[in-house]
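Participant: Sequence positions in the sequence shown follow numbering that gives the first Met the number 0 and run 0 to 221. Structure in structure tokens, see below.
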Amino acid sequence: MALAGVAILYRGAARPWMYRWGATEDEVAAILPGDELVSTTTPRTTRAITVDASVVDVWPWLAQIGEGRGGFYSYSLLERAVGADIHNANSVHQEWQDIRVGDTVWLARRYGDGARQVVAAVKPKSHLVLMSPEDFRRVQQGEKASGSWGFYLRQQGGWTRLLARGTGAPVGHALFDLPHFVMEQKMLRGIRKRAEQTRRDGVNAHVRREYQGLREASAAVK
């Protein structure tokens with residue numbers, strides 16, 4: 000009985016909350032780039048967070064995700080505990096910014112293709128959609144993929160909505176859903192933290208330049 004109660008609570012309350020953590024009704028229902036590549040019968044999660052920075056500040060952190068690159072800005076100790084060589088970057092690396100369709104984003108290189116994602120769709124400052132090598136081959140052949148993992152930026156005034164959408168297997172299985180939720184919401188918060196610091200650094204640099212200009216102008220008058 001107790002286990003049945005836990006299962007009912009999970010399916011009725013916890014899972015719906017996890018599947019749409021932080022997202023609005025419109026964001027959950029939105030048709031996003033890359034959705035057309037995946038079968039419509041697969042389960043889906045849409046999570047979101049507000050970033051107090053422009054898409055210009057957010058995108059570089061998203062563009063460099065992956066093992067051997069910027070990491071995933073999540074719990075890297077846990078990721079390394081399961082064999083991924085993840086070290087989260089705290090600065091933007093220009094050498095990782097040129098990301099294109101067909102490029103590889105590693106989750107954990109030691110596990111081979113099973114832990115490799117391929118860029119299926121990308122538009123700078125807009126979206127990055129990943130899927131397995133097998134699904135990418137299906138898409139190249141005009142077929143539907145069984146799943147994808149996408150990230151989307153929506154500029155709203157001076158801030159950005161950062162969305163993460165997971166579609167298809169293994170979404171729908173508690174043994175995947177629970178740890179993935181923990182890691183993905185931390186990832187979104189990690190990107191937010193870094194992008195907002197980028198914005199603050201930019202504002203501070205601008206203030207310093209303005210102040211220096213005023214000092215130089217004042218000295219010239221004297």
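Here a beta-carbon is modelled for each residue, glycine too, at the ideal position from N, C-alpha and C.
Considering only the beta carbon of each residue, do Y110 and M182 sit closer than 8 angstroms?
Facilitator: No, Cβ-Cβ distance for Y110 and M182 is not below 8 angstroms.
Participant: Is it right to say F71 is buried, meaning 16 or more other beta carbons lie within 10 angstroms of its own, or is it exposed?
Facilitator: Per the 10 Å Cβ criterion, buried.
Participant: Return the CA-CA distance between D34 and G212, expressed in angstroms with no decimal places.
Facilitator: Cα to Cα, the separation comes out at about 49 angstroms.
Participant: Helix, strand or coil for L31 per DSSP?
Facilitator: Three-state result, L31: coil.
Participant: Tell me which same chain residues have a C-beta within less than 6 angstroms of the C-beta of E78, skipping the five on either side of it?
Facilitator: Correct list, in chain order: I85.
Participant: Going along the chain, which residues of its own chain have a beta-carbon closer than 7 angstroms to the beta-carbon of T49, five neighbours each way excluded?
Facilitator: Result list for T49: W158 and R160, in chain order.
Participant: For A163 versus R46, is the C-beta spacing smaller than 8 angstroms?
Facilitator: In this structure, R46 lies closer than 8 angstroms to A163 by Cβ.
Participant: For my contact list, L106 and A114 are in at a C-beta cut-off of 8 angstroms; report their separation, rounded to the angstrom.
Facilitator: Indeed, because the Cβ distance is near 4 angstroms, the residues count as touching under 8 angstroms.
Participant: Using only the alpha-carbon positions, how far apart do Y230 and A120 sit?
Facilitator: Nothing about residue 230 can be reported from this structure: the residues present for the chain run from 0 to 221 only.
Participant: Is the CB-CB distance between V100 and Q116 below 8 angstroms?
Facilitator: Cβ atoms of V100 and Q116: not closer than 8 angstroms.
Participant: State the DSSP-derived secondary structure class of V91, mapped to helix, strand or coil.
Facilitator: V91 falls in the coil class under three-state DSSP.
Participant: Might you give, ordered along the chain, the residues of its own chain that have their beta carbon closer than 7 angstroms to the beta carbon of A83, omitting 5 neighbours on each side?
Facilitator: Correct list, in chain order: E66, L106 and A107.
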